Amino acid sequence: MKKLMIANWKMNKNGKECAEFLIEFKSKYSNKIDAWIASQPLYIKLIINENVKAGLQNCSEHVSGAYTGEVSSRNFKEMGGNFVLIGHSERRQFFGETSKTCQAKLQTVLRENLTAVYCVGETLSERESGQTLAIVSDQLHQGLNDLSAANEENLVIAYEPVWAIGTGKTATPGQAQEVHSSIRKILSEKFPGFGSKVRLLYGGSVKPDNVEELLAQKDIDGGLVGGASLKAKDFLALCGDK
Ligand code: 13P
């Protein structure tokens, strides 16, 4: 399975910074690892090219209509976009998203022939009270319910422990692998035809100096990266291009 590194730029970077990043990145990127970038929708046109896939960080569960301020996955596809992050913990924490609303978005994204990257993960208090696997399992079962259009190409799962996001605290490779192996099991049961082949990404303070150890784990197929994806040099290093 080819590894996948996704840059989640969140609401960072202006147009000039996006353009400069892309010039530097494309000059050295060798495609050993798939590289995808989720920017603000404003800059999608800059990213789309033959080597790097472009993504949204969220979209509407509707494809058109009177939904002021929303972004349509259908129109994103029409503009040449490739994938959408669904259920990032910042969406769950600040914008009231639940696994149920994520399920509706996942259905729409897959129906529109885009790839969905569904994000799951526990908070610190959930981990400390021993609920990690139960929380992640619940997020998967609810979010992935009734997804008949899913396959190993158009579905990616990102495990991002909330306590490791933007904090500099990475899950140890062992902690991440434990959760990834249980995600793999759930997906294999839920989607017997292809669940074992879905790419599972780890996210939460992934950096050039810890990425190798993480990617060496059996069930970690790549990363979803915030802070360390903002500099082309660092993101290149994460993609194996030093
Ligand atoms: P950091 O890599 O900055 O911890 O962010 C992770 C993340 O939220 C990616 O979606």
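Just so you know, we're using our numbering here: the sequence shown kicks off at 373 and counts up by one.
Yeah, the Cβ is synthetic: ideal placement off N, Cα and C, and Gly gets one too.
All values reported here derive from a predicted model rather than from experimental measurement.
Practice task
Please determine if the segment 583-593 and the segment 544-555 are in contact, where contact requires at least 3 C-beta pairs separated by less than 8 Å.
Solution key: Between the segment 583-593 and the segment 544-555 there are three or more C-beta pairs closer than 8 Å, enough to call the two in contact.
Problem - Sequence ranges, beta strand (DSSP E) only - wholly within the segment 439-465, length at least 3 - result: Correct list: 455-458.
Practice task
State the Cα-Cα distance for the pair residue 469 and residue 476, rounded to the nearest angstrom.
Solution key: Position 97 of the sequence shown holds residue 469. Position 104 of the sequence shown holds residue 476. One Cα belongs to residue 469, the other to residue 476, and the distance between them is close to 11 Å.
Handout entry: For residue 606, the three-state DSSP class (helix, strand or coil)
Key = Your numbering for residue 606 matches position 234 in the sequence shown. Correct three-state label for residue 606: helix.
Handout entry: 8 Å Cβ shell around residue 382 - same chain, five flanking residues per side excluded
Key = Counting from 1 along the sequence shown, the entry for residue 382 is found at position 10. The residues are 429, 462, 598.
Exercise for the section: Grab me the residues of residue 576's own chain with a C-beta within less than 7 Å of its C-beta, minus the 5 sequence neighbours each way, in chain order. Expected result: Taking the sequence shown and counting its residues from 1, one reaches residue 576 at position 204. Beyond the five residues adjoining it in sequence on each side, residue 576 comes within less than 7 Å, by CB distance, of 532, 533, 536, 537, 542, 543 in the same chain, given in chain order.
Exercise for the section: Output yes or no for whether 9 Å exceeds the beta carbon distance between residue 427 and residue 405. Expected result: The residue you call residue 427 lines up with position 55 of the sequence shown. The residue you call residue 405 lines up with position 33 of the sequence shown. No, the pair does not count as a contact, with Cβ atoms beyond the cut-off.
Practice task
Please say whether residue 481 and residue 492 have beta carbons closer to each other than 9 Å?
Solution key: Translated into positions along the sequence shown, residue 492 becomes position 120. Translated into positions along the sequence shown, residue 481 becomes position 109. No, they are not a contact pair.
Practice task
Write down every uninterrupted run of the alpha helix (DSSP H) in the segment 478-557 whose length is 4 residues or greater and which is fully enclosed by it, in chain order.
Solution key: Here the runs fully enclosed are 496-500, 504-515.
Problem - Buried versus exposed, by CB contacts within 10 Å (16 or more), residue 465 - result: Counted from its first residue, the sequence shown places residue 465 at position 93. A residue is called buried once 16 or more other Cβ atoms fall within 10 Å of its Cβ, and residue 465, having fewer, is exposed.
Problem - Classification of residue 501 by the beta-carbon crowding that lies within 10 angstroms, buried from 16 upward - result: Residue 501 sits at position 129 when you count from the first residue of the sequence shown. Residue burial is scored here from C-beta neighbours: residue 501 has fewer than 16 other C-beta atoms within 10 angstroms and is therefore classed as exposed.
Problem - Nearest residue (CA-CA) to residue 487, options 580, 519, 608 - result: Indexing the sequence shown from 1 puts residue 487 at position 115. Checking every option, the nearest Cα to that of residue 487 belongs to 519.
Handout entry: Backbone secondary structure at residue 588 - three-state DSSP
Key = For this step, residue 588 is matched to residue 216 along the sequence shown. In the three-state reduction of the DSSP assignment, residue 588 falls in the coil class.
Exercise for the section: Could you tell me if residue 425 is buried or exposed, where buried requires 16 or more neighbouring beta carbons within 10 angstroms of its beta carbon? Expected result: In the sequence shown, the residue the question calls residue 425 occupies position 53. Label assigned to residue 425: buried.
Problem - Continuous alpha helix (DSSP H) stretch holding residue 417: start and end - result: Here residue 417 corresponds to residue number 45 of the sequence shown, with the count starting at 1. Per DSSP, residue 417 belongs to the alpha helix (DSSP H) from 416-419.
Exercise for the section: State yes or no: is the C-beta of residue 538 nearer than 8 Å to some heavy atom of the ligand 13P? Expected result: Counted from its first residue, the sequence shown places residue 538 at position 166. Answer for residue 538: yes, Cβ within range of the ligand 13P.
Problem - Beta carbon of residue 566 nearer than 9 Å to that of residue 524 - result: Here the question's residue 566 lines up with position 194 in the sequence shown. Here the question's residue 524 lines up with position 152 in the sequence shown. In this structure, residue 566 sits near residue 524, with a CB-CB distance shorter than 9 Å.
Exercise for the section: Evaluate residue 458 with the Cβ neighbour count: other Cβ atoms within 10 Å of its Cβ, from every protein chain shown; 16 or more gives buried, anything less gives exposed. Expected result: Position 86 of the sequence shown holds residue 458. Classification for residue 458: buried.
Practice task
Leaving aside the five residues before and after residue 511 along the sequence, list all residues of the same chain whose C-beta is less than 6 Å from its C-beta, in chain order.
Solution key: Residue 511 sits at position 139 when you count from the first residue of the sequence shown. The residues are 471, 492.
Handout entry: Run of the alpha helix (DSSP H) containing residue 388, from where it starts to where it stops
Key = To locate residue 388, count along the sequence shown from 1; it is residue 16. Residues 387-400.
Problem - Range covered by the beta strand (DSSP E) that runs through residue 409 - result: The residue labelled residue 409 in the question sits at position 37 within the sequence shown. Residue 409 -> beta strand (DSSP E) spans 406-410.
Exercise for the section: Pull up the distance between the alpha-carbon of residue 447 and that of residue 530, whole angstroms please. Expected result: Sequence index remark: in the sequence shown, residue 447 carries index 75 (1-based). Sequence index remark: in the sequence shown, residue 530 carries index 158 (1-based). Computed Cα separation, rounded: 24 Å.
Exercise for the section: Pull up the distance between the alpha-carbon of residue 450 and that of residue 588, whole angstroms please. Expected result: Here residue 450 refers to the residue found at position 78 when the sequence shown is read from its first residue. Here residue 588 refers to the residue found at position 216 when the sequence shown is read from its first residue. Each residue's alpha carbon lies about 37 Å from the other.
Exercise for the section: Put residue 612 into one of helix, strand or coil per three-state DSSP. Expected result: The residue labelled residue 612 in the question sits at position 240 within the sequence shown. If DSSP states are grouped into helix, strand and coil, residue 612 belongs with coil.
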